[in-house]
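Trainee: Provided herewith is a single structure, encoded as C-alpha cells, for subsequent inquiry.
There are 2 protein chains.
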Amino acid sequence: MLSFTEENYLKAIYHLSESGSKAVLTNEIAEAMSTKAASVTDMIKKLSTKNFISYEKYYGVKISRQGKSEALMIIRKHRLWETFLVEKLLFNWDEVHDIAEQLEHIQSPLLIQKLDEFLGFPKSDPHGEPIPDKNGKISMPSSMPLHDQLPGYAGSIVSVKDSDSNLLKYLNRIGATPGKKIRLLAKEEYDESLEIEVDEKRLTISKAVAQNILVAV
Amino acid sequence: MLSFTEENYLKAIYHLSESGSKAVLTNEIAEAMSTKAASVTDMIKKLSTKNFISYEKYYGVKISRQGKSEALMIIRKHRLWETFLVEKLLFNWDEVHDIAEQLEHIQSPLLIQKLDEFLGFPKSDPHGEPIPDKNGKISMPSSMPLHDQLPGYAGSIVSVKDSDSNLLKYLNRIGATPGKKIRLLAKEEYDESLEIEVDEKRLTISKAVAQNILVAV
DNA sequence: ATAAAAATTTAGACTAGTCTAAAAAAATAT
DNA sequence: ATATTTTTTTAGACTAGTCTAAATTTTTAT
Ligand SMILES: [Mn+2]
Ligand SMILES: [Mn+2]
Ligand SMILES: [Mn+2]
Ligand SMILES: [Mn+2]
Numbered sequence: 068m069l070s071f072t073e074e075n076y077l078k079a080i081y082h083l084s085e086s087g088s089k090a091v092l093t094n095e096i097a098e099a100m101s102t103k104a105a106s107v108t109d110m111i112k113k114l115s116t117k118n119f120i121s122y123e124k125y126y127g128v129k130i131s132r133q134g135k136s137e138a139l140m141i142i143r144k145h146r147l148w149e150t151f152l153v154e155k156l157l158f159n160w161d162e163v164h165d166i167a168e169q170l171e172h173i174q175s176p177l178l179i180q181k182l183d184e185f186l187g188f189p190k191s192d193p194h195g196e197p198i199p200d201k202n203g204k205i206s207m208p209s210s211m212p213l214h215d216q217l218p219g220y221a222g223s224i225v226s227v228k229d230s231d232s233n234l235l236k237y238l239n240r241i242g243a244t245p246g247k248k249i250r251l252l253a254k255e256e257y258d259e260s261l262e263i264e265v266d267e268k269r270l271t272i273s274k275a276v277a278q279n280i281l282v283a284v
Numbered sequence: 068m069l070s071f072t073e074e075n076y077l078k079a080i081y082h083l084s085e086s087g088s089k090a091v092l093t094n095e096i097a098e099a100m101s102t103k104a105a106s107v108t109d110m111i112k113k114l115s116t117k118n119f120i121s122y123e124k125y126y127g128v129k130i131s132r133q134g135k136s137e138a139l140m141i142i143r144k145h146r147l148w149e150t151f152l153v154e155k156l157l158f159n160w161d162e163v164h165d166i167a168e169q170l171e172h173i174q175s176p177l178l179i180q181k182l183d184e185f186l187g188f189p190k191s192d193p194h195g196e197p198i199p200d201k202n203g204k205i206s207m208p209s210s211m212p213l214h215d216q217l218p219g220y221a222g223s224i225v226s227v228k229d230s231d232s233n234l235l236k237y238l239n240r241i242g243a244t245p246g247k248k249i250r251l252l253a254k255e256e257y258d259e260s261l262e263i264e265v266d267e268k269r270l271t272i273s274k275a276v277a278q279n280i281l282v283a284v
C-alpha cells in the first residue's frame, strides 16, 4: 500500500517517463513535484526499495512494470473522477483537476469499478485525455502539440493540458475543445504565435497556448 | 486547514460529546481512535491551541462552537458520500462506511454543494442518520435504542449503527431497516435478548443488536 | 587536461504523529 | 487519613516527509 506522497511521486515519474525515453532525472522530479532535489533522492530510494522504479546513483530513475501499472491506476482514477465531476455534477472543465488530485488517492477497487460503470465506461476524460482501462491498458491517441505542426495543417483537437484553470477557461472561450476541427493558417516568425481557424473562427494564439493543444496526426 | 488526523480526532470528540454532557476523557478518545492515551494528550493540546476544543489538564475536553461546526461539516460530507454510494453507485449499505471515511476528508465546498444537489438534498443517509445542512444544522430525530424500550413498544426504526458491516448485513437480512415498523413483544431476563416483530416477522434478537437499532419515541 | 559549473547525494535538523516507560495527579478503598 | 489503584501527562524515541548546507560526482568550458 502506497502513501499519498509515494503515489504522487510515482505519477510524476510516470508522466516524465512518457515524455522522453531516457532516465528521469532527480531535478526533473523535483521540479514536477515542487520540492527539493534532496527530498527526491530520499523518496526515489524508497520507491526503488519497493521495486516501483530502478535507480542508479547520479544517473536517474526508470519506472518498472509494477510502477507503471500502479501509476496508470492512479491516472485512471483521476480521469474517471474528472469525468464524473463534469458529466454528473456539472462542474466546468477548468474546475475539476484539483479535486481529482485528491480523489485519485481514495482506495477502493470496487468504487472505481462502480464509478466506471456509472459513467458508461468512458474512453477519455473531459480534456480528451485517455482513461486507462481496469487492466491498465491505455490507448495512446497519436497526437502532437499544435505548435509542432506546419502551416497548412488541418485536423482536430485530441486533448488539452488540464492542470491550468486559466488556460482551460481561455480554450473554452475560443471554442478550442477536444473533437473540434482546427486548421493552422500561418506561423509568425517573431514570437512563434499561430494564426488558426477553430470553431469556424479565425484567431491568433500564442506559442504557450499552442504547445498545450494536442491535435490528431 | 485541518489535517486528516486532526479531522478524525475532532469527529471522534464530537461524537463522544453527543453521548453524555460531561467533559470527554482522554481514555475515551484513545479508545474511540484506537490509539494510546499519550498520543491523545498531544493531539488535544494541538486542537486546543487551534480553539476547536477547550482542554483542562487531568479534567478532560469540551468541544467549542468552532469545533462542533467543523465536525458537523465532516459528518455532512461522510453521510452525503454514503448516500451517493448507495443511491447512485448501487453499493450495499454495509459496504459504504469505510469508503466514506476516506471521502469525508476531500476538501472542496463546491463539490459538497454540487453533490448535495445531485442527490436531491437528502435529509438522512442510508442508515437513517441525519445529514447536517450546509450551515451545520442537524435535525436530531428523537430516538432511543430499542434495547431501552419496554415490552409493548410499537414504533418504527429511525436509524442503525453504520460502522459494522456484519451488523448491517444481518439487519438487512431480517428486514430491520430505517422506516420499518417494529414492535417489542418481550424481554428475556437472562441475557436481555428481545422478542420482536419487524417486517411482519417475529424473531429474537440479542442485546448487542438491540442496542444498535434506534427507534422513534 | 584542468578548472569551473551544474547536478546529485549526504548530513543533520525540523514537524506531525505515534509509541513505551516513567512520573504525577486524581479517584477509590481501607 | 492513608494507601492503593486508575487515569493522565511527560519524557524520550521512532518513522515519514521535508528542508538547508555541505560534500561529492558529473558535465561543460577553456
Ligand atoms: Mn487532471
Ligand atoms: Mn484531465
Ligand atoms: Mn458511516
Ligand atoms: Mn451512515
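If you're matching them up, the sequences are chains A and B in order. The first sequence lines up with residues 68 to 284 when you count with the working numbering. The second sequence lines up with residues 68 to 284 when you count with the working numbering. Glycine included, each C-beta is placed from N, C-alpha and C at the ideal position.
Under a CB-based cut-off of 8 Å, is B/Ser209 close to chain A?
Mentor: Numbered from 1 along the second sequence, position 142 holds the residue referred to as residue 209 of chain B. It does not: the Cβ of B/Ser209 has no partner Cβ on chain A nearer than 8 Å.
Trainee: Per DSSP, what kind of secondary structure is B/Glu262 in: helix, strand or coil?
Mentor: For this step, residue 262 of chain B is matched to residue 195 along the second sequence. Residue state, collapsed to three classes: strand.
Trainee: According to the neighbour-count rule (16 or more other Cβ atoms, all chains shown, within 10 Å of its Cβ), is A/Phe71 buried or exposed?
Mentor: Numbered from its first residue, the first sequence carries residue 71 of chain A at position 4. Counting Cβ neighbours within 10 Å, A/Phe71 comes out exposed, since fewer than 16 surround it.
Trainee: Between A/Ser138 and ligand 1, is there a pair consisting of the residue's CB and a ligand heavy atom that are separated by less than 7 Å?
Mentor: Stepping through the first sequence from its first residue, residue 138 of chain A is reached at position 71. Note that residue 138 of chain A is Ala in the sequence shown, not Ser. Incorrect: A/Ala138 has no Cβ contact closer than 7 Å to ligand 1.
Trainee: Nearer than 7 Å: is that true of the beta carbon of A/Pro193 relative to any heavy atom of ligand 2?
Mentor: Locating residue 193 of chain A in the first sequence gives position 126, counting from the first residue. Result yes, Cβ under 7 Å from ligand 2.
Trainee: Does DSSP put B/Ser210 in a helix, in a strand, or in coil?
Mentor: To locate residue 210 of chain B, count along the second sequence from 1; it is residue 143. B/Ser210: strand per DSSP, three-state reduction.
Trainee: Verify the contact flag: A/Ile224, CB atom, against every heavy atom of ligand 5, threshold strictly below 7 Å.
Mentor: With respect to ligand 5, the structure offers nothing, as its ligand set consists of ligand 1, ligand 2, ligand 3 and ligand 4.
Trainee: Name, in chain order, the residues that DSSP records as bridge partners for B/Leu270.
Mentor: Within the second sequence, numbered from 1, the residue matching residue 270 of chain B stands at position 203. Bridge partners of B/Leu270: B/Ile263.
Trainee: Just to confirm the assignment, what range does the alpha helix (DSSP H) spanning A/Val153 have?
Mentor: As a working note, residue 153 of chain A is residue 86 in the first sequence. Arg132 to Glu154 is the span of the alpha helix (DSSP H), which, as asked, contains A/Val153.
Trainee: Using DSSP's beta-bridge definition, name the partner residues of B/Leu251.
Mentor: Here residue 251 of chain B refers to the residue found at position 184 of the second sequence. In the DSSP output, where bridge partners are listed per residue, B/Leu251 has B/Ile263.
Trainee: Is it buried or exposed for B/Gln216, if we count other Cβ within 10 angstroms and need 16 for buried?
Mentor: To locate residue 216 of chain B, count along the second sequence from 1; it is residue 149. Buried is the call here.
Trainee: Run through chain B and tell me which residues come within less than 8 Å of A/Lys236, C-beta to C-beta.
Mentor: Against the first sequence, residue 236 of chain A aligns to sequence position 169. Simply none; closest approach about 16 Å.
Trainee: Can a CB atom of chain B be found closer than 8 Å to the CB of A/Ser88?
Mentor: Along the first sequence, one-based indexing puts residue 88 of chain A at 21. Not one chain B Cβ lies under 8 Å of A/Ser88.
Trainee: What do you reckon, are the CB atoms on B/Val265 and B/Gly242 nearer than 8 Å?
Mentor: The residue you call residue 265 of chain B lines up with position 198 of the second sequence. The residue you call residue 242 of chain B lines up with position 175 of the second sequence. Yes, the Cβ-Cβ distance between B/Val265 and B/Gly242 is below 8 Å.
Trainee: My assumption, with CB atoms under 8 Å, is that B/Ala277 sits in contact with B/Leu213. Please give the rounded CB distance.
Mentor: Sequence index remark: in the second sequence, residue 277 of chain B carries index 210 (1-based). Sequence index remark: in the second sequence, residue 213 of chain B carries index 146 (1-based). Their Cβ separation, rounded to whole angstroms, is 5 Å, which keeps B/Ala277 and B/Leu213 in contact under 8 Å.
Trainee: Helix, strand or coil: how does DSSP classify A/Tyr237 here?
Mentor: In the first sequence, counting from the first residue as 1, residue 237 of chain A sits at position 170. Helix.
Trainee: Starting from B/Lys201, find everything on chain A with Cβ-Cβ shorter than 8 Å and list it in chain order.
Mentor: Here residue 201 of chain B is taken as the residue at index 134 of the second sequence, counted from 1. Ordered by position in chain A, no residue passes the 8 Å Cβ test against B/Lys201, which lies about 16 Å from the chain.
Trainee: Using only the heavy atoms of ligand 4, determine whether one of them is closer than 7 Å to the beta carbon of A/His164.
Mentor: Residue numbering aside, residue 164 of chain A sits at position 97 when the first sequence is read from its first letter. No; taking the cut-off as 7 Å, the Cβ of A/His164 has no heavy atom of ligand 4 nearer than that.
Trainee: Where does B/Ala221 sit, in a helix, a strand or coil, going by DSSP?
Mentor: One-based indexing of the second sequence puts residue 221 of chain B at position 154. It is a strand residue.
Trainee: List the residues of chain A that B/Lys155 touches, going by C-beta distances under 7 Å, in chain order.
Mentor: Locating residue 155 of chain B in the second sequence gives position 88, counting from the first residue. Neighbours of B/Lys155 on chain A, chain order: Phe185.
Trainee: Is there a Cβ from chain A that is less than 8 Å from the Cβ of B/Lys135?
Mentor: Along the second sequence, one-based indexing puts residue 135 of chain B at 68. Closer than 8 Å: no.
Trainee: Check distances from the C-beta atoms of the stretch 150 to 176 of chain A to those of chain B and list, in chain order, the residues that come in under 9 Å.
Mentor: Going along the stretch 150 to 176 of chain A in chain order, one finds Leu152, Lys155, Leu156, Leu157, Phe158, Glu162, Asp165, Ile166, Gln169, Leu170, His172, Ile173, Gln174 and Ser175 with a Cβ nearer than 9 Å to chain B.
Trainee: Where B/Gly87 and B/Tyr81 are concerned, what is the direct C-alpha to C-alpha distance, given to the nearest angstrom?
Mentor: Along the second sequence, one-based indexing puts residue 87 of chain B at 20. Along the second sequence, one-based indexing puts residue 81 of chain B at 14. When rounded, the distance between both Cα atoms is 11 Å.
Trainee: Closer than 8 Å between beta carbons: that is the criterion. Which residues of the stretch 68 to 82 of chain A meet it against chain B?
Mentor: Residues passing the 8 Å Cβ filter: none.
Trainee: Can the beta-carbon of A/Leu251 be found less than 8 Å from the beta-carbon of A/Pro218?
Mentor: Numbered from its first residue, the first sequence carries residue 251 of chain A at position 184. Numbered from its first residue, the first sequence carries residue 218 of chain A at position 151. Their beta carbons are under 8 Å apart, which means A/Leu251 touches A/Pro218 by this criterion.
Trainee: With a threshold of 8 Å between beta-carbons, can B/Leu178 be considered close to chain A, or not?
Mentor: Numbered from 1 along the second sequence, position 111 holds the residue referred to as residue 178 of chain B. Chain A contact via Cβ: present.
Trainee: Exposed or buried, which one is A/Glu95 when buried takes at least 16 other CB atoms within 10 Å?
Mentor: Stepping through the first sequence from its first residue, residue 95 of chain A is reached at position 28. Counting Cβ neighbours within 10 Å, A/Glu95 comes out buried, since at least 16 surround it.
Trainee: DSSP puts A/Gly127 in a beta bridge; with which residues?
Mentor: Translated into the one-based positions of the first sequence, residue 127 of chain A becomes position 60. In DSSP, A/Gly127 forms a bridge with A/Glu123.
Trainee: A/His145: beta carbon under 7 Å from a heavy atom of ligand 1?
Mentor: For the purposes of this step, residue 145 of chain A is taken as the residue at position 78 of the first sequence. Under cutoff, so the answer is yes.
Trainee: Would you mind giving the Cβ-Cβ distance between A/Leu77 and A/Gly134, rounded to the nearest angstrom? I have them listed as a contact below 8 Å.
Mentor: Counting from one through the first sequence, the residue named residue 77 of chain A turns up at place 10. Counting from one through the first sequence, the residue named residue 134 of chain A turns up at place 67. Right, their Cβ atoms sit about 6 Å apart.
Trainee: Might you give, ordered along the chain, the residues of its own chain that have their beta carbon closer than 7 Å to the beta carbon of A/Asn118, omitting 5 neighbours on each side?
Mentor: Taking the first sequence and counting its residues from 1, the one referred to as residue 118 of chain A is at position 51. Excluding positions up to five away in sequence, the list reads Ser131 and Gln133.
Trainee: Can you tell me whether B/Glu184 is buried or exposed, with buried defined as 16 or more other CB within 10 angstroms of its CB?
Mentor: Position 117 of the second sequence, counting from 1, holds the residue named residue 184 of chain B. B/Glu184 is exposed by the Cβ-count criterion.
Trainee: Determine the direct distance from the alpha carbon of A/Ala275 to that of A/Leu281, and round the result to whole angstroms.
Mentor: Taking the first residue of the first sequence as 1, we reach residue 281 of chain A at position 214. Taking the first residue of the first sequence as 1, we reach residue 275 of chain A at position 208. Each residue's Cα considered, the two are about 12 Å apart.
Trainee: What do you reckon, is the C-beta of A/Glu85 under 7 Å from a heavy atom of ligand 2?
Mentor: By 1-based counting over the first sequence, the position of residue 85 of chain A is 18. No, ligand 2 has no heavy atom inside 7 Å of this Cβ.
Trainee: Given a limit of 7 Å on CB to CB distance, which residues of the stretch 102 to 114 of chain B reach chain A?
Mentor: Under the 7 Å Cβ criterion, the stretch 102 to 114 of chain B contributes no residue.
Trainee: Starting from A/Ile280, trace the beta strand (DSSP E) in both directions and tell me its first and last residue.
Mentor: In the first sequence, counting from the first residue as 1, residue 280 of chain A sits at position 213. Its beta strand (DSSP E) spans residues Ile280 to Ala283.
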